[in-house]
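**Student:**
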Amino acid sequence: MSAHPTQGSPLLDIRGLTVSYPTPQGPAQVVRGVDLAVAPGERVALVGESGSGKSVTARSVLRLDPDARTGGRILLEGEDVLEMTPREVRRVRGARAGLVFQDPLASLNPVKTVGWQITQPLRIRGVGRREARRRAVDLLGRLGVADPDRRFDDHPHQFSGGMRQRVVIAIAVIAEPRLLIADEPTTALDVRVQAQVLELMEDLARERGMAVLLITHDLGIVAGFARRVAVMRHGLIVEEADVDRLYASPSHPYTRSLLDAVPRIGDAPGRRLGAPVPATTEGEAL
Amino acid sequence: MNTAGEPPILEARNLVKTFPGQAGTRAVDDVSFTVGRGEALGLVGESGSGKSTTARCVAGLVRPDSGRVLIGGQDVTRARGRALRATRRRVQMVFQDPYSSLNPRMTVAELVGEGLYVHGIEPDRARRRDRTVQILETVGLGAEHLDRYPRSFSGGQRQRIAIARALAVGPDLLICDEPVASLDVSVQAQVLDLFCDLREKLGLALLFIAHDLAVVHHLCGRVAVMNSGRVVELGGREQVYTAPEHPYTRALLDAVPVPDPAAERARAGALRPVPAHHDPEETR
Ligand SMILES: Nc1ncnc2c1ncn2[C@@H]1O[C@H](COP(=O)(O)OP(=O)(O)OP(=O)(O)O)[C@@H](O)[C@H]1O
Ligand SMILES: Nc1ncnc2c1ncn2[C@@H]1O[C@H](COP(=O)(O)OP(=O)(O)OP(=O)(O)O)[C@@H](O)[C@H]1O
Ligand SMILES: [Mg+2]
Ligand SMILES: [Mg+2]
Chain A
1073 MSAHPTQGSP LLDIRGLTVS YPTPQGPAQV VRGVDLAVAP GERVALVGES
1123 GSGKSVTARS VLRLDPDART GGRILLEGED VLEMTPREVR RVRGARAGLV
1173 FQDPLASLNP VKTVGWQITQ PLRIRGVGRR EARRRAVDLL GRLGVADPDR
1223 RFDDHPHQFS GGMRQRVVIA IAVIAEPRLL IADEPTTALD VRVQAQVLEL
1273 MEDLARERGM AVLLITHDLG IVAGFARRVA VMRHGLIVEE ADVDRLYASP
1323 SHPYTRSLLD AVPRIGDAPG RRLGAPVPAT TEGEAL
Chain B
595 MNTAGEPPIL EARNLVKTFP GQAGTRAVDD VSFTVGRGEA LGLVGESGSG
645 KSTTARCVAG LVRPDSGRVL IGGQDVTRAR GRALRATRRR VQMVFQDPYS
695 SLNPRMTVAE LVGEGLYVHG IEPDRARRRD RTVQILETVG LGAEHLDRYP
745 RSFSGGQRQR IAIARALAVG PDLLICDEPV ASLDVSVQAQ VLDLFCDLRE
795 KLGLALLFIA HDLAVVHHLC GRVAVMNSGR VVELGGREQV YTAPEHPYTR
845 ALLDAVPVPD PAAERARAGA LRPVPAHHDP EETR
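Protein chains in written order, with this note's numbering: chain A, 1073 to 1358; chain B, 595 to 878.
(1) Under 8 Å by Cβ, that's how I've got V1186(A) and A1298(A) pegged, so tell me the actual separation to the nearest angstrom.
(2) Considering only heavy atoms of ligand 3, does any lie closer than 8 Å to the CB of Q1174(A)?
(3) Report the neighbours of S748(B) on chain A: residues whose CB is nearer than 7 Å to its CB, in chain order.
(4) From A804(B), A799(B), A837(B) and F789(B), pick the residue whose C-alpha is nearest to that of R1343(A); which is it?
(5) Can you check whether the CB of P853(B) is closer than 9 Å to the CB of Y1319(A)?
(6) Could you check which residue in S1127(A), M1282(A), L1261(A) and A1267(A) has the C-alpha nearest to that of A1167(A)?
(7) Residue range of the alpha helix (DSSP H) that G1292(A) falls in?
(8) Taking C-beta to C-beta, are A737(B) and L730(B) nearer than 9 Å?
(9) Quick check: is the beta carbon of L1330(A) nearer than 9 Å to any beta carbon in chain B?
(10) Could you check whether I1190(A) and I1243(A) sit closer than 9 Å to each other, using their CB atoms as the reference points?
(11) What I want to know is whether the C-beta of A1260(A) ends up closer than 8 Å to one or more non-hydrogen atoms of ligand 4.
(12) Candidates P1249(A), L1345(A), V1301(A) and G1307(A): which alpha carbon is nearest D1314(A)'s?
(13) Using a threshold of 8 Å, is the CB atom of D1219(A) nearer than that to any non-hydrogen atom of ligand 1?
(14) Can you name the residues of chain A whose CB is closer than 8 Å to the CB of A856(B)?
(15) Between the region 1250-1268 of chain A and the region 1288-1296 of chain A, can you find at least three pairs of beta-carbon atoms closer than 8 Å?
(16) Given that M1235(A) touches chain B, what residues does it touch there, using C-beta distances under 9 Å?
(17) Express the C-alpha separation of G1105(A) and V1284(A) in angstroms, rounding to a whole number.
(18) Jot down the residue ranges of each uninterrupted alpha helix (DSSP H) in the region 1247-1320 of chain A, minimum 4 residues, whole runs only, in chain order.
(19) Are there three or more Cβ pairs, one per stretch, closer than 8 Å when the region 1143-1152 of chain A is compared with the region 779-786 of chain B?
(20) Return the chain-ordered ranges of every beta strand (DSSP E) run that is complete within the region 614-691 of chain B and spans a minimum of 3 residues.
(21) Is the separation between the beta-carbon of L707(B) and that of T726(B) shorter than 9 Å?
(22) Please compile the residues from chain A whose C-beta is within a distance smaller than 8 Å of the C-beta of A653(B).
(23) Are there any heavy atoms of ligand 4 lying less than 8 Å away from the beta-carbon of I769(B), as far as the coordinates show?
(24) Return no unless some Cβ of chain A is closer than 9 Å to the Cβ of D669(B).
(25) Counting only Cβ-Cβ distances shorter than 8 Å, please list the residues of the region 1095-1121 of chain A near chain B, keeping chain order.
(26) Out of I1241(A), R1087(A), L1089(A) and A1295(A), state which residue places its alpha-carbon closest to the alpha-carbon of D1175(A).
(27) Determine the extent of the alpha helix (DSSP H) in which I755(B) is found, giving its start and end residues.
(28) Is it the case that the Cβ atoms of L905(B) and R754(B) are separated by a distance below 9 Å?
(29) Answer yes or no: does any C-beta atom of chain B fall closer than 9 Å to that of P1293(A)?
(30) From the DSSP output, which residues share a beta bridge with L1031(A)?
(31) Should D691(B) be counted as a contact of ligand 5 given a C-beta to heavy atom distance under 8 Å?
(32) What would DSSP say about Y1326(A), mapped onto helix, strand or coil?
(33) For Q728(B), list the residues DSSP reports as bridge partners.
(34) Helix, strand or coil for C770(B)? Go by DSSP, reduced to three states.
(35) Flag P1138(A) as yes if its beta-carbon sits less than 9 Å from any beta-carbon of chain B, otherwise no.
(36) To be precise: take each residue of the region 1252-1284 of chain A, compare its Cβ to all Cβ atoms of chain B, and keep it if any distance is under 7 Å. Which residues remain?
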């Protein structure tokens, strides 16, 4: 049932992915059979309601969740990540697949400098200290961090929220991975810096053929960045379409309600956005 | 919105904050504003322009180098002891980072119920639990989440826990630092509707920091725009959005992405070059 509108073999091919977590009441399945493919250089957005399983799906690709019980297949350049040894998985991270976590602060080490953390992916691949520093400073500048050379030696707590978020992005892309999974990468950025970050990701996709899976709830960003959109709900992909088609004529009622719940500057202030609140019954992926 | 004679719930006067090692650059540079009772003031601006630092000064988490913060007319930069604690309870903050602001070793029941206990609002254990469930329900969570730890929640769910925690003690002013940034639109809509309700029904005032200008437009009657540690524009919603005075405000408004693929692509070319990002801290 997975649609692959792109020709050639996908870089990332998720097939029938299931993820569950053990709970006192027995295993709770939060991803219930996801099919999703991303071709080299392709930009795909994954949207959907809170708790629908987007981040869990993203983390599964790099096997970052020790508690998770997974089923199905996650093919990265033809190899099944779910079958790899822990050592092989470690080699995938950074070079073949980079992940920008949804929680920028929690994924940074508070006692190491920002610069140390950004250069690590290069250093462990044998790049010299000075060259690594040069590339990191350059990348921070492209991400709109002012005076990157001086701020290189700061610690994370000395950075503002949006600056930390850009550090996390820099760590994910500095080793030029074949696949970038970016989980809400611009939530802490003002719209101008946001445009700059999206532009960098787009350039990397164009120039280096980096595939991007962008997880976001911002449908304005999706409209400008993605070519294809997958909509997730309750652990399943309920709709997948070309971006123009999805916005012009969403076929799933949930997608429609998502588009309706976006406040727009032209609207009357305070209008009830009135999104139907998802039922929070136990056992259901809220 | 300020009833005659009553002081505004919040008044910030000439706040200044410099961090060590930043060679004289001010993270917050002479910032003044007021928030009336039941009013929502939006605070927007460039990343690194000093919004969170301003909020932390107001919430008493950071000591300003100079300037004053008045809560309900009382100067809290000078207050101490019990008077300070009572005033502080009236002001609650939801942090920008929902992950690091929730103690990972506390359950949801403890996180949300803590303030009810600490401030002696609901000393009885069973009653406290009921009250906690009520509060959770206002943010779309429920009793079944009480005994879980933050780790097992999605990003948006954690942010809602943080909002519930702040609302629990019944504040007069809620300072929200990017409270809906990590929420998907349906939950965001729910939280925004909730904020509107709380303002109307309980007269809750908001200092609302956000990057999403459409969200600020939706919620806030007045808007302050920060750049380089300063408030460069402060005015009513209509004025700021339709006739902004400061070029930075205009640049921000022009960069708002709209949920329309064709329009976004058409604009991409015009928007793309934002070279050598103008920096807030380096201009002085
Ligand atoms: N470690 C865990 N243990 C148990 N349940 C978990 C764990 N991590 C996530 N979940 C649950 O899995 C579901 C999916 O979570 P996920 O983080 O993927 O949501 P999401 O789609 O990314 O949502 P958001 O938009 O809010 O970030 C949620 O109901 C969440 O409570
Ligand atoms: N504890 C600190 N030590 C040193 N510098 C700091 C500290 N906290 C903030 N700064 C600096 O102060 C400036 C303003 O930061 P602040 O967090 O207030 O920005 P902000 O407007 O909230 O940005 P964002 O939108 O990215 O969250 C930044 O240059 C930041 O690096
Ligand atoms: Mg998530
Ligand atoms: Mg901030």
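For every residue, glycine included, the Cβ atom is placed at its ideal position computed from N, Cα and C. Everything numeric in this text was worked out from a predicted model, so none of it was measured.
**Tutor:** Per the coordinate set shown:
(1) Not confirmed; about 29 Å, so no contact.
(2) In this structure, the C-beta of Q1174(A) approaches ligand 3 to less than 8 Å from one of its heavy atoms.
(3) Residues of chain A passing the Cβ test: S1122, G1123 and S1127.
(4) Ranking the options by Cα distance to R1343(A), first place goes to F789(B).
(5) Between Y1319(A) and P853(B), the C-beta spacing is below 9 Å.
(6) Selected option, being the one with the closest Cα: M1282(A).
(7) Element bounds for G1292(A): L1291 to F1297.
(8) Yes, these two residues count as a Cβ contact at 9 Å.
(9) Yes - at least one Cβ of chain B is within 9 Å of the one on L1330(A).
(10) For the 9 Å CB-CB criterion, I1243(A) and I1190(A) form a contact.
(11) If you check the C-beta of A1260(A) against ligand 4, you find a heavy atom less than 8 Å away.
(12) Ranking P1249(A), L1345(A), V1301(A) and G1307(A) by Cα distance to D1314(A) puts V1301(A) first.
(13) Checking the Cβ of D1219(A) against ligand 1 gives no.
(14) Ordered by position in chain A, the residues that pass the 8 Å Cβ test against A856(B) are D1316.
(15) Look at the beta carbons and you see the region 1288-1296 of chain A touching the region 1250-1268 of chain A: at least three pairs across the two are nearer than 8 Å.
(16) Near M1235(A) (Cβ distances below 9 Å), the residues of chain B are S641 and G642.
(17) Between V1284(A) and G1105(A), the C-alpha separation is close to 21 Å.
(18) Listed in chain order, the alpha helix (DSSP H) runs fully inside the region 1247-1320 of chain A are 1263-1280, 1291-1297 and 1315-1320, counting runs of at least 4 residues.
(19) Segments in contact, no.
(20) For the region 614-691 of chain B, whole beta strand (DSSP E) runs of length 3 or above, ordered along the chain, are 620-629, 634-639, 660-665 and 685-688.
(21) The residue you asked about is not Leu; residue 707(B) is Gly in the sequence shown. In this structure, G707(B) sits near T726(B), with a CB-CB distance shorter than 9 Å.
(22) What A653(B) touches in chain A, judged by beta-carbon distance under 8 Å, is nothing: the nearest beta carbon there is about 15 Å away.
(23) No, the beta carbon of I769(B) sits no closer than 8 Å to any heavy atom of ligand 4.
(24) No, its Cβ sits nowhere closer than 9 Å to a Cβ of chain A.
(25) Result list: V1119, G1120 and E1121.
(26) Residue I1241(A) is the option with its Cα nearest to D1175(A).
(27) Its alpha helix (DSSP H) spans residues G749 to L761.
(28) A question about residue 905(B) goes unanswered here, because the residues of chain B that appear run from 595 up to 878.
(29) This sequence places Ile at residue 1293(A); Pro is not what is there. Answer yes: the Cβ-Cβ gap between I1293(A) and chain B drops below 9 Å somewhere.
(30) A question about residue 1031(A) goes unanswered here, because the residues of chain A that appear run from 1073 up to 1358.
(31) Among the ligands present in this structure, namely ligand 1, ligand 2, ligand 3 and ligand 4, ligand 5 is not found.
(32) Three-state DSSP puts Y1326(A) in a helix.
(33) Residue pairing by DSSP leaves Q728(B) without any beta bridge partner.
(34) Strand.
(35) Chain B, which has no Cβ nearer than 9 Å to the Cβ of P1138(A), makes this no.
(36) Within the region 1252-1284 of chain A, the qualifying residues are E1256, T1259, A1260, L1261, D1262, V1263, R1264, V1265, A1267, Q1268 and E1271.
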